[in-house]
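In the UniProt record's numbering, the protein residues as written are 1 to 272.
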């Protein structure tokens with residue numbers, strides 16, 4: 001089983017010469033930039049690489065990394081002596097998930113949906129032009145690739161992104177799609193704004209969105225929007241049936257009804 005590489009936002013580069021904001025803490029900005037420089041493609045980094053990725057001078061990067069080492073967020077790999085994140089870095093993200101109301105209310109419904117469908121069920125929320133995995137219950141069956149909590153995937157070619165977009169006006173959807181990079185992730189990926197918008201409109205009609213091998217080969221997605229009591233979209237619930245077990249038509253017939261029912265149940269309990 002392969003692990004899908006997260007769609008990580010590029011590490012923000014620090015502009016050390018920008019005008020001072022009296023309330024802005026640039027040292028904190030530098031520390032966060034270093035932490036965000038580590039991702040699936042950069043599990044370990046040298047000091048020079050960290051300086052380049054974050055836009056800091058080597059001296060500034062050295063001071064920042066040293067501080068993070070003392071605090072226990074960054075350490076050196078015992079063999080290569082390259083810098084890497086330490087387990088304490090998980091505390092920041094874990095605190096966000098533990099206190100997230102959508103994670104708390106969705107868990108029992110995720111369990112029911114995974115059991116009923118036999119497939120992995122996920123809850124995501126929007127972050128910029130991506131969707132962030134908040135919660136997940138995996139199936140005991142084989143899945144071709146693994147998508148961990150904390151991973152981000154693009155809205156334009158994911159079922160969960162299209163489901164969330166379906167709750168917005170066309171004009172706003174178009175604006176989001178136009179500002180989003182839309183590379184062809186596979187030969188099946190829709191990249192044209194009008195074609196993607198048509199998929200979003202179909203979701204409004206039937207109550208769920210789809211993705212057939214547009215993000216990863218061998219992987220499909222069906223998603224329904226999650227809304228609060230005011231009808232505002234807060235995320236999406238989606239299933240990840242592999243093409244080795246399902247055709248899209250079978251998934252539409254058997255999985256879509258239970259997916260929509262579970263999404264409505266979760267939405268009815270959302271109090272924020």
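We treat Cβ as the ideally placed atom computed from N, Cα and C, and that holds for glycine.
No experiment lies behind these values; they were computed from the predicted model shown.
Tell me whether residue 90 sits in a helix, a strand or coil according to DSSP, three-state version. helix
At least 3 beta-carbon pairs within less than 8 Å: the region 179-191 vs the region 248-260: no
Coarse secondary structure for residue 184, derived from DSSP in three states: coil
Leaving out five residues before and five after residue 141 in sequence, what residues of the same chain have Cβ atoms less than 8 Å from its Cβ? 118, 119, 245
Just to confirm the assignment, what range does the alpha helix (DSSP H) spanning residue 113 have? 101-117
DSSP-derived helix/strand/coil call for residue 153: strand
With a threshold of 16 other CB atoms inside 10 Å of the CB of residue 43, please say whether the residue is buried or exposed. exposed
Residue 194, DSSP secondary structure in three states: helix
Assuming residue 285 is part of the beta strand (DSSP E), what are its boundary residues? The chain is shown from 1 up to 272; residue 285 falls before or after that span and cannot be answered.
Going by Cα to Cα distance, which pick from 206, 195, 101 is closest to residue 178? 195
Residue 7 - DSSP class collapsed to helix/strand/coil: With a pLDDT of only 49 at residue 7, under the threshold of 50, the placement of this residue in the model should not be trusted, and no figure is reported.
By a C-beta neighbour count over all protein chains shown, 10 Å radius and 16 as the cutoff for buried, is residue 161 buried or exposed? buried
Identity of the residue in 73, 167, 23 nearest residue 37 by Cα: 73
If the criterion is Cβ atoms closer than 9 Å, does the pair residue 159 and residue 258 meet it? no
State yes or no: is the C-beta of residue 236 within less than 9 Å of the C-beta of residue 265? no
Determine which residues share a DSSP beta bridge with residue 136 and list them. 122
Going by CA-CA distance only, name the one from 165, 40, 67 that's closest to residue 27. 67
Opposite residue 223 in the DSSP bridges: which residues? 209, 238
Measuring alpha carbon to alpha carbon, tell me which of 52, 169, 91 ends up nearest residue 233. 169
Supposed close pair residue 240, residue 122 - CB separation, criterion 8 Å: 7 Å
I need the DSSP call for residue 84, collapsed to helix, strand or coil. strand
Sequence-distant residues of its chain with Cβ nearer than 6 Å to residue 8 (five each side left out): Reliability fails at residue 8, whose pLDDT of 47 lies under 50, so the model's placement of it is uncertain and the value that follows must be treated cautiously. These residues qualify, in order along the chain: 39.
What number of angstroms, rounded off, separates the C-alpha of residue 199 from the C-alpha of residue 143? 25 Å
Output the distance between the C-alpha atoms of residue 97 and residue 110, rounded to the nearest integer angstrom. 15 Å
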